[in-house]
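Our numbering applies: residue 31 is where the sequence shown begins, and numbers increase by one. Below is one structure, written out as structure tokens; comments come after it.
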Amino acid sequence: MIDGFVAPGYEPVRDEFARNFERGELGAACAAFHRGDKVVDLWGGVRDARTGAPWERNTVVLVYSTSKGLSAMTLALAHSRGWLDYDVRVAEVWPEFAQGGKASVTVRQLLGHEAGLPVIDEPLDPDKLRDFDALAAAIARQRPLWEPGTRHGYHGVSLGWYEGELMRRVDPARRSLGRFLAEELAGPLELDFYIGLPPDFPRERLARIERISPLRAVPELRNMPSRMALALANPRSVSFKAFANPRLRSFADLDRREFRGVEFPAGGGIGTARSIARAYAAFAGDGSELGLAETTLAELKAPPRRPPRGWRDEVLKVDTAFSLGFVKRAGEFRFGASHTAFGHPGAGGSFAYADPDRELAFAYTPNRLGFHLVDDPREKALRDALDRCVKAAGAPLSPDLGRPGGDPVRL
Numbered sequence: 031m032i033d034g035f036v037a038p039g040y041e042p043v044r045d046e047f048a049r050n051f052e053r054g055e056l057g058a059a060c061a062a063f064h065r066g067d068k069v070v071d072l073w074g075g076v077r078d079a080r081t082g083a084p085w086e087r088n089t090v091v092l093v094y095s096t097s098k099g100l101s102a103m104t105l106a107l108a109h110s111r112g113w114l115d116y117d118v119r120v121a122e123v124w125p126e127f128a129q130g131g132k133a134s135v136t137v138r139q140l141l142g143h144e145a146g147l148p149v150i151d152e153p154l155d156p157d158k159l160r161d162f163d164a165l166a167a168a169i170a171r172q173r174p175l176w177e178p179g180t181r182h183g184y185h186g187v188s189l190g191w192y193e194g195e196l197m198r199r200v201d202p203a204r205r206s207l208g209r210f211l212a213e214e215l216a217g218p219l220e221l222d223f224y225i226g227l228p229p230d231f232p233r234e235r236l237a238r239i240e241r242i243s244p245l246r247a248v249p250e251l252r253n254m255p256s257r258m259a260l261a262l263a264n265p266r267s268v269s270f271k272a273f274a275n276p277r278l279r280s281f282a283d284l285d286r287r288e289f290r291g292v293e294f295p296a297g298g299g300i301g302t303a304r305s306i307a308r309a310y311a312a313f314a315g316d317g318s319e320l321g322l323a324e325t326t327l328a329e330l331k332a333p334p335r336r337p338p339r340g341w342r343d344e345v346l347k348v349d350t351a352f353s354l355g356f357v358k359r360a361g362e363f364r365f366g367a368s369h370t371a372f373g374h375p376g377a378g379g380s381f382a383y384a385d386p387d388r389e390l391a392f393a394y395t396p397n398r399l400g401f402h403l404v405d406d407p408r409e410k411a412l413r414d415a416l417d418r419c420v421k422a423a424g425a426p427l428s429p430d431l432g433r434p435g436g437d438p439v440r441l
């Protein structure tokens, strides 16, 4: 049922991974690196519920918004190379962006979901997403829903396209974000991860996201924050509209062929848990593998900046904290040893993060859709087991680990 490897002392992670399948998991993979060494690399279950085909070592899967972490890494690389200043106005590198009252929006505000751009009004489809110039023109015309920089709301779908155009503007070679990731992140680290799957990619390596009927999905809504669930059920709400373009019948539609091949940096990344954890491991250490500047790592590890009107998310209807394209540990969502940790969860249950305090990186990637906003029980059980193993191994822990109220980011 399960296969893979755990280093001595990390057997509890394997045990929890096995228990997930007893609790109803379909197919999944989990990986972790500690101080640059791979300590967990597990996979199991089936990659396709229709055929019963097993999940194998090189099986890749759609990870939804966990993709945002890898997309943010590409901009961090651009920052390290001096191409991108987080505090510059977006319009200074992309003049057309200034339309509609966005002239003052900084890169930091955009990546912190403060730009007021969670909704794109112009209808989008796979053909337009393949045309980077047409896509850039469409999103540049968008008017913000609130005064940029005053509040924040999850740019769950739109953020990646803005990141993609930023990359095209600052990269001297004018590469797309997906191509830059392939050449500058996946290449050096030998990652099996893609934003825009190659057309000749072997289908037998793809895990199929479980399709779930609306009737089966309704009971699962109890796992979402109640205000968020109500907002998503209202077609007139910002929450609904933020996820309604391009039009999909369900989240599983992103797993269809027409979407796999387009660059969807906010939610269309496809890869292995091993590769995602490996990428975070490069950011959890000193960054030397990728030539990351100390100033860039310091920016990523810094606590998030509180929006003037507070932490309440205008889209998700709960308190959230974002910084430079990543989710930060804050409030009830306490991953990593301290506020220096950064990562991103994805719809369906995937999650990955870097914990610089302990030089720890983790990733979990399932193909059965879950409905928890954060702390999906499947990945949380593995993450908690990993924390216990690291602690037992004698790794130095941040003083606030496990101490209620110790996190400086209080929502």
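Don't be surprised by glycine CBs; every beta carbon is placed ideally from N, CA and C. Source: prediction; values computed, not measured.
In the DSSP assignment, find the beta strand (DSSP E) that holds residue i and state where it starts and stops.
i, result
"Ala-73", "A small correction: the amino acid at residue 73 is Trp; Ala does not occupy that position in the sequence shown. Run containing Trp-73: 67-78, per the beta strand (DSSP E) assignment."
"Val-357", "356-358"
"Ile-32", "32-36"
"Gly-57", "57-64"
Any idea what DSSP makes of residue i, helix, strand or coil?
i, result
"Asp-201", "coil"
"Val-42", "Note that residue 42 corresponds to Pro in the displayed sequence, not to Val. Residue state, collapsed to three classes: helix."
"Gly-424", "coil"
"Arg-119", "strand"
"Pro-333", "coil"
"Asp-155", "coil"
"Arg-388", "helix"
"His-182", "strand"
"Leu-92", "strand"
"Ser-380", "coil"
"Ile-306", "helix"
"Gly-432", "Here Gly-432 scores only 37 on pLDDT, less than 50, and its place in the model should not be relied on; the value that follows carries that caveat. Of the three classes helix, strand and coil, the one that applies to Gly-432 here is coil, per DSSP."
"Asp-230", "coil"
"His-369", "coil"
"Pro-438", "Summary for Pro-438: the model assigns pLDDT 35, below 50, so the residue's position carries little reliability; its value from the coordinates is reported in the next sentence. Three-state DSSP puts Pro-438 in coil, outside helix and strand."
"Arg-470", "Look at the range of the chain in this structure, 31 to 441, and you will see that residue 470 is not part of it."
"His-143", "coil"
"Ala-393", "strand"
"His-402", "coil"
"Asp-222", "coil"
"Pro-276", "coil"
"Asp-417", "helix"
"Ser-353", "strand"
"Phe-51", "helix"
"Ile-239", "coil"
"Ala-133", "coil"
Looking only at C-alpha atoms, which of the options sits nearest to residue i?
i, options, result
"Pro-295", "Val-420, Gly-190 and Glu-41", "Gly-190"
"Lys-68", "Leu-399, Leu-322, Gly-355 and Ala-303", "Ala-303"
"Leu-196", "Glu-86, Ser-280 and Thr-136", "Thr-136"
"Asp-405", "Ala-58, His-374 and Asp-387", "His-374"
"Ala-62", "Tyr-310, Ala-168 and Lys-358", "Tyr-310"
"Arg-181", "Thr-395, Thr-350, Ala-167 and Asp-33", "Thr-350"
"Val-149", "Arg-252, Pro-276, Leu-100 and Trp-85", "Pro-276"
"Gly-297", "Ala-37, Gly-321 and Ala-272", "Ala-272"
"Ala-133", "Gln-172, Ala-168, Phe-162 and Asp-151", "Gln-172"
"Ala-393", "His-402, Leu-403, Phe-381 and Pro-386", "Phe-381"
"Arg-252", "His-402, Lys-98 and Arg-111", "His-402"
"Gly-194", "Ser-97, Thr-370, Asp-222 and Asp-385", "Ser-97"
"Leu-141", "Ala-83, Val-187, Gly-340 and Gly-317", "Val-187"
"Val-348", "Ala-259, Leu-322 and Leu-416", "Ala-259"
"Phe-411", "Glu-122, Pro-38, Glu-55 and Asp-283", "What sits at residue 411 in the sequence shown is Ala, not Phe. Cα-wise, what sits closest to Ala-411 is Glu-55."
"Pro-174", "Glu-220, Gln-129, Arg-308 and Met-31", "Gln-129"
"Leu-92", "Pro-229, Asp-230, Leu-284 and Ser-256", "Leu-284"
"Arg-336", "Pro-228, Pro-125, Phe-281 and Gly-179", "Gly-179"
"Glu-177", "Asp-387, Leu-236 and Glu-144", "Glu-144"
Does the distance from the CB of residue i to the CB of residue j come in under 8 Å?
i, j, result
"Asp-78", "Arg-238", "yes"
"Phe-352", "Pro-333", "no"
"Glu-240", "Arg-398", "yes"
"Ala-314", "Glu-362", "no"
"Ile-306", "Thr-370", "no"
"Tyr-94", "Gly-378", "yes"
"Arg-308", "Leu-165", "no"
"Phe-162", "Arg-111", "no"
"Tyr-192", "Leu-147", "yes"
"Ala-367", "Asp-385", "yes"
"Tyr-224", "Gly-301", "yes"
"Leu-278", "Phe-270", "no"
"Val-200", "Val-120", "no"
"Glu-293", "Leu-221", "no"
"Leu-416", "Val-70", "yes"
Could you please give the first and the last residue of the uninterrupted alpha helix (DSSP H) stretch that includes residue i?
i, result
"Ala-272", "268-272"
"Gly-208", "207-210"
I'd like to know whether the C-beta of residue i is nearer than 8 Å to at least one C-beta of chain B.
i, result
"Arg-287", "The structure shown contains no chain B; it holds only a single protein chain."
Evaluate the contact criterion for the segment 259-268 versus the segment 103-115: three or more CB pairs, one atom per stretch, below 8 Å. Per the Cβ contact rule, the segment 259-268 is not in contact with the segment 103-115 (fewer than 3 Cβ pairs under 8 Å).
At least three beta-carbon pairs within less than 8 Å, the segment 114-126 to the segment 134-150: A contact exists between the segment 114-126 and the segment 134-150.
Meets three-Cβ-pair contact criterion under 8 Å: the segment 152-169 and the segment 207-221: Judged by Cβ distances under 8 Å, the segment 152-169 makes no contact with the segment 207-221, as fewer than three pairs qualify.
Using 8 Å as the Cβ pair cut-off and three pairs as the minimum, do the segment 73-88 and the segment 47-56 touch? The segment 73-88 is in contact with the segment 47-56.
Using a Cβ distance threshold of 8 Å, determine whether the segment 319-328 contacts the segment 417-424, with at least three qualifying pairs required. Contact between the segment 319-328 and the segment 417-424 is absent: fewer than 3 CB-CB pairs across the two stretches fall below 8 Å.
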